[in-house]
Ligand code: SAM
Ligand code: SF4
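See the structure below:
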């Protein structure tokens, strides 16, 4: 292993100049890309174009979701989160190599005081078509108008139950009625595209499905189940509650719901529609065959580390380029990552890499 790499616990960080190389085992330092490659779209070793960036802007979260941070955020909130100028450089670099959509995530992205400035900065970057955010919705009512004014195009709200007591049990917050009201305000007063994310759990799956179908009857919302992913922090709950996506999909197909083709810029959800319903029901099924075949994303943590796969064994520090406003260096480094983006995750082997829980990088 090169001296440039630092090992901490089970995690492996590489400095960008020592990215492991698939041809040589480990890459020597500073591979310089030919100039004409600098503006080419990022395409990995499996011919997948990476047009979608998920950017975590904080690790911190106020919720205590039982599958993610059951004991709440531990320790002090880090004081070295990416600054707005660093984020501006990051996004300009990614846009130069074909990123069209950026999603803010966390932790809970909306707890950052400068989230409006971050949305604005990304939205104003040439080449970025869509700015999205995934949030627990705690601050939705208070900040909806400013998010829209800043240019937010899409909002995914995580809401694991329609039942207030279950919502409280799952998140530690008794805020479901307010959240439902705030989402209706969003639908009535803005053109932000709304999706609801709900963790697929054996105990709540069927009740949630029936209520979700009712919810999307007259609302232009996609309600998406996310199959429970095992990480090292949640194994007990995972084995108790993991449910297969097939149970939901079979019900939908039997009741006249039809799957839609996914667009190239879309996420991994398969969405189902029905002629009698305004909204849609979606399914994100990371354990399904070929789930990773159409991966179009890269992830960057709130400390400026690139995760080539959500469940990779390591991550790659690009902060030096952000601090130096070095777009050329950033772009060259991103291209150098392409041969080593993993083909798929190893969740089937209960291997979630360095991802102890999804608040680290935002799912
Ligand atoms: N705090 C924000 C929120 O909850 O929407 C953003 C971060 S959260 C980690 C992003 C998404 O990951 C949420 O929709 C959450 O339900 C999902 N998630 C967290 N842990 C998960 C797990 N083990 N399996 C599947 N989805 C998970
Ligand atoms: Fe926080 Fe989101 Fe994790 Fe829930 S899922 S604890 S809201 S980061």
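Residue numbers (my numbering): 949 to 1311. C-beta atoms are modelled at their ideal positions from N, C-alpha and C, and glycine is treated no differently.
Check: Residue 1015 Cβ short of 8 Å to ligand 1 heavy atom set; Outcome: yes
Check: Per-residue burial, residue 1023 [other beta carbons within 10 Å of its own, 16 or more giving buried]; Outcome: exposed
Check: Cβ-Cβ distance between residue 1103 and residue 1127 below 9 Å; Outcome: no
Check: Those residues which DSSP pairs with residue 1206 across a bridge; Outcome: 1221
Check: Own chain residues within Cβ distance below 8 Å of residue 1019, not counting five before or after; Outcome: 1012
Check: Every unbroken alpha helix (DSSP H) inside the stretch 1231 to 1297 [4 residues or more]; Outcome: 1267 to 1271 and 1275 to 1285
Check: Euclidean distance between Cα positions of residue 1263 and residue 1222; Outcome: 41 Å
Check: N-terminal and C-terminal residue of the alpha helix (DSSP H) that residue 1143 is part of; Outcome: No alpha helix (DSSP H) holds residue 1143; the beta strand (DSSP E) holding it covers 1141 to 1148.
Check: Contained alpha helix (DSSP H) runs [length at least 4] in the stretch 986 to 1013, N- to C-terminal order; Outcome: none
Check: Given residue 1255 as reference, the closest of 1176, 1010, 1147 and 1308 once Cα atoms are compared; Outcome: 1308
Check: Terminal residues of the alpha helix (DSSP H) in which residue 1117 lies; Outcome: 1112 to 1119
Check: For residue 1175, three-class secondary structure by DSSP; Outcome: strand
Check: Residue 1311 CB to nearest heavy atom of ligand 2 below 8 Å; Outcome: yes
Check: Buried versus exposed call for residue 1201 [16 or more other C-beta atoms within 10 Å across all chains shown]; Outcome: exposed
Check: Residue 1305: CB within 8 Å of a non-hydrogen atom of ligand 2; Outcome: yes
Check: From 1311, 1216, 1270 and 1276, residue whose alpha carbon lies closest to that of residue 1036; Outcome: 1270
Check: Environment of residue 1079 [buried if 16+ CB atoms lie within 10 Å]; Outcome: buried
Check: Reduced DSSP secondary structure (H/G/I, E/B, other) of residue 1081; Outcome: strand
Check: C-alpha gap between residue 1112 and residue 1044, whole angstroms; Outcome: 45 Å
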